[in-house]
Amino acid sequence: MSLRVGWNLGSTAEDECQEVVMQDPPCWTATSAVLKAGRGLSSWLFNNLSPPSSPLVSSFFCKDAFTPRQISNPSYLPQPAASHTSYPPPTPSFIGILPQELLEEIFCEYLHGATTSSPSPGNVLRGSLRRIVTCVGAKTTPFTLGHVCSRWRAITTSCPPLWSKLCAFGAEPSDIPLFERWLSMSLHCPLDLTIAQRRGPDTGTVDTTTYQLLCIALQNSDRWQSVSLRLDQDLEPLFTTLVPLSRLRRFRLDLDNWTPEGYHAISQILLSSPNIEAAAWGNACWIPRFGSCTMGTTLRSIKLGQVNTQDLCALLALTPLLQSLVCDFVEVPYPNPPLSSPPSGPIDLLHLSSISLVHYDDPSPLFNSLHLPALSSLALGAGLGSAAAGGAGWASLNALVQRSDCCISSLSWSHDRLAEDALVHSFTQASTTVFLYLRHLNIGSPVSRKFIEALNTPIETNPPIFPDLQSLELRDCNVDYDILRVMLISRLSLQKVDIKIRDDNGAVEWVSLGRSQGRSEIGPLRR
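Residue numbers (the numbering used here): 1196 to 1722.
This is the structure in C-alpha cells:
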C-alpha cells in the first residue's frame, strides 16, 4: 500500500508531493523544518523534559516519527537505527490541555523573544521561508510552527500578534505572495517591519522585487510600530508621499547613495511621528533640517553612524527626554571646530544616562557642550581622542562630571593604541574625580601586570583606584595567575569577574570569580 503525502501543507505544487510506501516509511531527521519547529519549542518550553504525549504531536519530537505510534501490526515497521538518540516514552503532559490564550503567549514568546535564534546548528528553513522570517537568523516561522499538528495550526492562524514581526531579507520575486500572506495574517496588529534590499552590482535599474514589497508594506504604513529599512538610491522616490505615522515608535535607516534631500525628507517624516521614541541611522548621517520645534522631542534613544559635532549638538538641543546616545564616529569639522562652550550655555539633558562613542576625533567639543546630571554609563572606544591634544579629552570629561555633578558607575573602555602606562596613569588620576563611584568596569584593550598591580594597590599606602568596584571584565589580559589571584582576593567588593587570559604562547583561558555571603569562590580556569 502506498500513500501520496504533501510535505508542504500550504502548497499545491506537484513537486511538493511524493509517493510514500508505508512498509518502508521515511525517517524524520533534523533537516525537517517542521520537526525542528516542534522539537525546538518543546525543548525550550520543557527544558529537556519528556515530549508531549499527544499521539499526533509526539511523533514530531522523536528521531523516528513512527516509533511512538501504536499500530495493529508493528512488524511492518523497522526498528529505529542504533545511531538514533532515543527519547523517554511520552509521559502525561499538560501541553495538550493548556488554554489557547496561554499557548498563544508561549508561541509569541518563542518566536519573538530572546530565544528567537535557536542555538541548534544550521538553518533548516528553505526557499521563501528563509528570506521572509520574523527576524534575521530565525530558525522557524509561524508557518512551520503551524504544521506541527492541527491544534498548533489553528492557534497560529487565529493569533494575529504572532505575525506582527516581519523581516524581508534579500527577497526574490517568488517571495512576494508569502510576504502578502504574512501581512494579511497580522490583521490590524501594530507591525515590526524590516526590509533589507539585496546587494548586487550597480546596474542603474530599479529593484522591482523590493519595490513591490515596499508598495505592499506602505499600504499598511498606518500600522508601522517599528521599521528598519536598508535600501539603495533606486528606491528613494517611493517615499516622497510618505506621511507622519501615528503608531511609529522606532526606526532605523541604512540608506546607501541617497541624496541629502531624500535622506532629510524621510528622516523628517519619521521623526514627525507623534510617538517616536528611538531613532537610528546606520551609516553617514545628515541630521534633518527640523521644520518644527516639536520634531524629535519625544526621542528617548538615538543611534548614529557618522556625524559631526555641530550637527549632533543641534540634534541634542531638540531632544530633552533623551536617555541613550550611541555614535559610531563623531568627527570635528576642523579647521573650524565649534567653540568650547556654546554661547547659550551647555545643552541641558536631564535624562541622558548612557553615552557610547565608538570612534571620534576629539570628544572635548561634545563634552564641553553638555550638562548631564543623570549620566551613569559611559562606553569609550579609541581612547579619549586620537587627534586631540594630550590630556584634553580627560580634562573635558572631568569638567563634564564636575559641571553635571553626575556619578559614572559603569565604564567600557577599548583602545588598542594607548600604552598601558598611559592607561594606568589616566585611570589613577581619574579614579578620585571622574570615576569615584565606578562599580562596573569592562576593558577591551590589552592589559598586563601593570594594570593588575594598579588595581591591587594596598590601601595603607595609597587609596586604591575604583574603591567601590563590583564587577570586572578584562577581554585581553597577559598576567600570571598568582598576581591575578592576589588582586581578586584583596578586593572584597568584587562580586563578579570575567577575565580572558592570554599567555606568551597565545593560548587563551578564562577565569571567573563569584562571591556569595562574604565568601570568595574563584572558578576553575576554562579554555
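Where is the CB? At the ideal position from N, CA and C, for every residue including glycine.
Residue i (DSSP reduced to helix, strand or coil)
i            : result
residue 1278 : Because residue 1278 sits at a pLDDT of 38, beneath the cut-off of 50, its placement in the model cannot be relied upon, and the following sentence gives the value as read from the coordinates. Correct three-state label for residue 1278: coil.
residue 1553 : strand
residue 1477 : coil
residue 1566 : strand
residue 1331 : coil
residue 1151 : Since the first residue shown for the chain is 1196 and the last is 1722, residue 1151 is missing from the structure and cannot be characterised.
residue 1661 : coil
residue 1363 : strand
residue 1703 : strand
residue 1629 : coil
residue 1571 : coil
residue 1371 : helix
residue 1492 : coil
residue 1388 : strand
residue 1285 : Residue confidence is low: residue 1285 scores 36 on pLDDT, short of 50, so the model does not pin down where it sits. Its coordinate-derived value is still stated next. In the structure shown, residue 1285 sits in coil (DSSP, three-state: anything other than H, G, I, E or B).
residue 1516 : coil
residue 1501 : strand
residue 1540 : coil
residue 1675 : coil
residue 1427 : strand
residue 1341 : helix
Counted within 10 angstroms of its Cβ, other Cβ atoms place residue i as buried (16 or more) or exposed
i            : result
residue 1550 : buried
residue 1336 : buried
residue 1558 : buried
residue 1691 : exposed
residue 1588 : buried
residue 1658 : exposed
residue 1560 : buried
residue 1548 : buried
residue 1243 : Caution is warranted here: a pLDDT of 39 is assigned to residue 1243, below 50, making its placement in the model unreliable, and no coordinate value can be reported.
residue 1703 : exposed
residue 1363 : buried
residue 1351 : buried
residue 1403 : exposed
residue 1418 : buried
residue 1321 : exposed
residue 1283 : Because the pLDDT at residue 1283 is just 39, under 50, the model does not fix this residue reliably, and the value given afterwards should be weighed accordingly. Residue 1283 is exposed by the Cβ-count criterion.
Distance CB(residue i)-CB(residue j) smaller than 8 Å
i            : j            : result
residue 1646 : residue 1603 : no
residue 1405 : residue 1366 : yes
residue 1686 : residue 1638 : no
residue 1528 : residue 1503 : yes
residue 1725 : residue 1517 : Only positions 1196 to 1722 of the chain appear in the structure, and residue 1725 is not among them; the question remains open.
residue 1358 : residue 1377 : yes
residue 1541 : residue 1634 : no
residue 1674 : residue 1644 : yes
residue 1524 : residue 1505 : no
residue 1574 : residue 1607 : yes
residue 1450 : residue 1426 : yes
residue 1421 : residue 1388 : yes
residue 1513 : residue 1497 : no
residue 1301 : residue 1374 : no
residue 1356 : residue 1380 : no
residue 1626 : residue 1572 : no
Residue i: first and last residue of the uninterrupted beta strand (DSSP E) it sits in
i            : result
residue 1445 : 1445-1451
residue 1508 : Counting along the chain, residue 1508 falls outside any beta strand (DSSP E), though it belongs to the alpha helix (DSSP H) covering 1504-1511.
residue 1635 : 1635-1638
residue 1524 : 1519-1526
residue 1723 : No answer is possible for residue 1723: the residues shown for the chain start at 1196 and end at 1722.
residue 1326 : Counting along the chain, residue 1326 falls outside any beta strand (DSSP E), though it belongs to the alpha helix (DSSP H) covering 1323-1326.
residue 1763 : Given a span of 1196 to 1722 for the chain in the structure shown, any question on residue 1763 remains unanswerable.
Inter-residue CB distance, residue i and residue j (contact presumed, cutoff 8 Å)
i            : j            : result
residue 1569 : residue 1601 : 7 Å
residue 1552 : residue 1576 : 7 Å
residue 1640 : residue 1610 : 5 Å
residue 1361 : residue 1338 : Not confirmed; about 12 Å, so no contact.
residue 1414 : residue 1371 : Contact doesn't hold; Cβ gap of about 13 Å is too wide.
residue 1448 : residue 1462 : 7 Å
residue 1664 : residue 1636 : 6 Å
Extent of the continuous alpha helix (DSSP H) run through residue i
i            : result
residue 1348 : 1345-1352
residue 1609 : Where residue 1609 is concerned, there is no enclosing alpha helix (DSSP H), although the beta strand (DSSP E) it sits in stretches over 1605-1609.
residue 1642 : Segment: none, residue 1642 is in no alpha helix (DSSP H) and carries neither H nor E.
residue 1596 : 1587-1599
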